[in-house]
Amino acid sequence: SSLVKCKENDSKCLIHSVQAFLPTFAVGLPEFQIAPLDPVTLIKINASTPDLSLLLENVKVTGLKECQVKKFDYNVKNSKVLATFLCNVNAVGHYNMKGKLIIVPIEGDGQFDAKIKKLAVIVDADVSTIQKNGVKYFNIKNWKHRFELKDKTSVHFENLFNGNKVLAQAADEIIKETGNEIIEELCPSIIKGIHKLLMKLLRRREMR
């Protein structure tokens, strides 16, 4: 599949083009040395806060190929791209934590599962355009992002308190009610991990 050509100021066409190409891009493009991004595995994430030591390992993230492109504006004069993606993302992996999560004293070591519904990722990118073989491409110089949770999310940690069912059940009840707050702590680290992987892939592509 290839990107539909759009005029630089045609937001509707850009949204349609990016949306149509996203599933192809997410499963990987070997001919362009782009590895699959759905699923993508983040080897190690340090999601610690001042109150909590939290390490995540081998985090498998799925759902990126089904993201909806809600906005894609290209400002030619300012060389800016403003884009909004709405995604349902699942993340599973291994966790090790000890400290205080939200207001709950907690510790554990085991598997975790997070289901993040309607995650809105808003991207603000500085871009330039480059030409290769007479074709104009976006070149992302740098970007920043933020996210918003548009729906209730769920998080489950196995083996809390090393299997103490009484303590684990009490913690589970609070985690169930504060899923969004927990994700707001974890999500920046997960998104940062995806961002780093994307930048690594793009740099690899530019060097070839």
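In terms of this note's numbering, the sequence shown opens at residue 2 and continues consecutively.
Note that CB positions come from ideal geometry on N, CA and C, so glycine has one too.
These numbers come from a predicted model, not from an experiment.
Using CA atoms only, rank isn't needed, just tell me which of Val77, Lys101, Gln69 and Ile192 is closest to Ala172.
Lys101
Going by C-alpha distance, which of Val124, Ser155, Glu58 and Phe86 is nearest Asp114?
Measuring from the Cα of Asp114, the nearest candidate turns out to be Ser155.
Can you give the Cα-Cα distance for Lys133 and Gln69, rounded to whole angstroms?
29 Å
Can you look up Ser80 in the DSSP assignment and give me helix, strand or coil?
coil
Check each candidate in Thr179, Ile46, Glu174 and Cys88 and name the one with the smallest Cα separation from Ile123.
Cys88
Less than 7 Å separating the beta-carbons of Glu185 and Gln112?
no
Residue range of the beta strand (DSSP E) that Lys133 falls in?
Val105 to Lys133
Cα separation between Pro40 and Thr63?
5 Å
Closest to Cys14 by CA distance: which of Phe73, Ala84 and Glu182 is it?
Phe73
Is there contact between the segment 47 to 67 and the segment 75 to 94, where contact requires at least three CB pairs shorter than 8 Å?
yes
Given a cut-off of 7 Å, decide if Lys61 and Val93 are closer than it, judged by their beta-carbon atoms.
yes
For Thr25, which of helix, strand or coil comes out of DSSP?
helix
Which runs of the beta strand (DSSP E) fall wholly inside the segment 42 to 88 and span at least 3 residues, in chain order?
53 to 63 and 69 to 76
If we ignore side chains and look at the alpha-carbon of each, how far apart do Asn59 and Arg147 end up?
24 Å
Keeping to the same chain, check which residues put their C-beta closer than 7 Å to that of Ile183; ignore five residues upstream and five downstream.
Leu102, Ile103, Val156 and Ile176
Give the DSSP-derived three-state secondary structure of Ala171 in the structure shown.
helix
Would you check if the distance between the CB atom of Leu38 and the CB atom of Ala27 is smaller than 7 Å?
yes
Just to confirm, are Val82 and Val19 a CB contact at a threshold of 7 Å?
no
Of the choices Leu150, Thr130 and Asn97, whose alpha-carbon is the least far from that of Lys116?
Leu150
Using only alpha-carbon positions, find the residue among Ile35, Ile46, Ala36 and Cys7 that is nearest to Pro189.
Ile46
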